[in-house]
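First residue of the sequence shown: 18, per my numbering; consecutive thereafter. Beta carbons are placed, not taken as given, at the ideal position from N, Cα and C, and that holds for glycine.
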Amino acid sequence: MRLAIVTTESLPPFHIPCAGGGARVWGLSEALRREGITCEFFLHERVRTLLESNGLEAVLPGDLQLRFFKPELLNEELAGSDCEAVLFEQWQPLTFLRERLNIPIIVDLPGPLALEYYWRDRENYQRHITQKIKCLSLADYYLCALERQRGYYAAWLAWAGIPPDEDRLAVVPFTMSEMSQSRQGHVTEEPLFFWGGMFWPWQERTSAFRTILDTITRCRKGQLVIAGAPEKNEQSGFDQELLDSYHVTELGFLPFSEYIAELKRSAVAVDLCRSTSERRLASDLRTGTALWAGIPCIVTPHSPWADAIEEYNAGWVLQYEDEKGLQKLTEEIALERGDIVAKRRGARTVSERISSQENISGLLEILKVPIKREPAEPFFESRFAERESLLENMERELARQRHVNQELQRDLDSIRSKWMFRVYKKLTAWFR
């Protein structure tokens, strides 16, 4: 089997920052290669631009099979390869296809992107929804990262014309290669609390951040390490006043290897934010990456990793609103009163689960004999949405014009009520 993998993300082997989607699809490809499946990456041309601007294209891993594609030529690039199936990282790259492919299409759906778009780009939300449904209708098989996501995606697939009972959706957990043994835990003079990843503005985390910072400041021991970035020019959700503290170190967005190195220097990784619908369905790759590195984590009960953390004693599970509990826990870690070594052993056990080949059994089953399905029209057609959007815009414009007309009418009535206007009317009548 020769599998094409299409992504717009950077990959962990590159010496540039890598988002969670890139880490996930790389982990899947590594596991597939161990099963004898050849994987060829098709990377968006902007990734090559990033590599060239950093002078890194010449030092890419030599055994990595990859191509860089222009979005408008993706159909031709895939048709010209000898791949027998293609895996798309998220549904967005499917927008580049002008028509269905002749080979089976698998699309990975690791998180509820439509819920993210509700916050990220609400003005164009309807367009994103119809675009997603159209993209899903082009695929033949679908992957999600958690059992709890199955019902969510089954509804989307029904909209896209795929019968709910068709066996085309497989749960494939987050997976990475086995993490090599090395010294772990803090190696500095004080415990490091690591907080990394993308910081979305709708994910409220300032309360927990302030609690941890206030506690380590009072204890005069401990450091909060921030390794991540907000989306584009959005605020990170951390108050700048807090970031200026002596006990905070900002590292920005790091290449994946450096990110892991900083993780492994830390005593604990933190992933605390207020529960939302998006967070309850997300696969939370920042916590998965920390556990893969063997680092105990502090999470809330809505985290998909909460059960494993409790089962294997791989960290702590706290309600986001439990300020006193977080204060006590932070103090124990900062003053090194807790048994971090035992928690680290638990994290290592979870790490072994993350690297298990069993994680990709659902994907391997698909790849045994991938069969293209008969195309079906999505129930939610883009033309319908465009028509509804046009009507909505027309109604909005009509309401605006009515408002302008009312304002003009009030101005006219105000003018007519003035004595000078009445004099003017009489004078014009006399001179007719």
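With 16 or more other CB atoms across the displayed protein chains lying within 10 angstroms of its CB, K281 is buried. By the Cβ neighbour-count rule, V440 is exposed, with fewer than 16 other Cβ atoms within 10 Å of its own.
G128 sits in coil when the DSSP states are folded into three classes, being neither helix nor strand. For Q148, no pairing in a beta bridge is given by DSSP.
For W219, the closest alpha carbon among the candidates K238, R296, Y263 is that of R296. Counting only the Cα atoms, A446 lies some 17 Å from K435.
When C-beta atoms of the region 47 to 63 are compared with those of the region 20 to 28, three or more pairs fall below 8 Å, so the two segments count as touching. Following the DSSP letters along the chain, one finds T347 in no beta strand (DSSP E) but inside the alpha helix (DSSP H) bounded by residues 340 to 351. The three-state reading of DSSP puts R227 in helix, counting H, G and I together. Assignment of T66 by DSSP, reduced to helix, strand and coil, places it in the helix class.
For V42, the enclosing alpha helix (DSSP H) covers residues 37 to 51. Of the residues T228, V358, S300, the one whose Cα lies closest to the Cα of G37 is S300.
In the three-state scheme derived from DSSP, where H, G and I count as helix and E and B as strand, H420 is classed as helix.
Excluding its 5 nearest sequence neighbours in each direction, Y142 has C-beta neighbours in its own chain below 8 Å: Y134, Y135, listed in chain order.
Segment contact: the region 370 to 382 against the region 353 to 362, fewer than three CB-CB distances shorter than 8 Å; contact not assigned. Assignment of I357 by DSSP, reduced to helix, strand and coil, places it in the helix class.
In terms of Cβ geometry, G269 and M196 do not form a close pair [threshold 8 Å]. Partner residues in the beta bridge of H61, as assigned by DSSP, are F86. Residue state for R282 is assigned as coil, using DSSP reduced to three classes.
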